[in-house]
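Under my numbering, think of the first position of the sequence shown as 16, with each following residue one higher.
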Amino acid sequence: EDHGDQLLHVAARIDHAGIIPLLVNYGAEVGCQSRSGLTPLMVAIKEMHERQVQELLQCGSDPNA
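Okay, here's the thing in structure tokens:
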């Protein structure tokens, strides 16, 4: 099903260390939103992936967005 997710949304769903900083280094936007308005940080929180939450915050994701 296509939710308008970008690569960072997918990375936030999986538990694989290091993917998020790599994508950001290649130009992925940490504040991008899916069609439903979710940011990658929201996805990582929803999936309860603490490591991805930390990586997104370290890469500049806005916790207040």
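C-beta atoms are modelled at their ideal positions from N, C-alpha and C, and glycine is treated no differently.
* Tell me whether Val25 sits in a helix, a strand or coil according to DSSP, three-state version. => The sequence position of residue 25 within the sequence shown is 10, counting from 1. It is helical.
* For Ser51, count neighbouring Cβ atoms within 10 angstroms of its own Cβ and tell me buried if that reaches 16, exposed if not. => Counting from 1 along the sequence shown, the entry for residue 51 is found at position 36. Its Cβ having fewer than 16 others within 10 Å, Ser51 is exposed.
* For Val68 and Ala13, the rounded distance between their alpha carbons -> Nothing about residue 13 can be reported from this structure: the residues present for the chain run from 16 to 80 only.
* From Gln21 to Leu37, what distance separates their C-alpha atoms? -> Here residue 21 refers to the residue found at position 6 of the sequence shown. Here residue 37 refers to the residue found at position 22 of the sequence shown. Spanning the two alpha carbons is a distance of roughly 14 Å.
* Rounded Cβ spacing between Leu56 and Pro78 (contact assumed at less than 8 Å) -> In the sequence shown, the residue the question calls residue 56 occupies position 41. In the sequence shown, the residue the question calls residue 78 occupies position 63. Correct: roughly 7 Å between the Cβ atoms.
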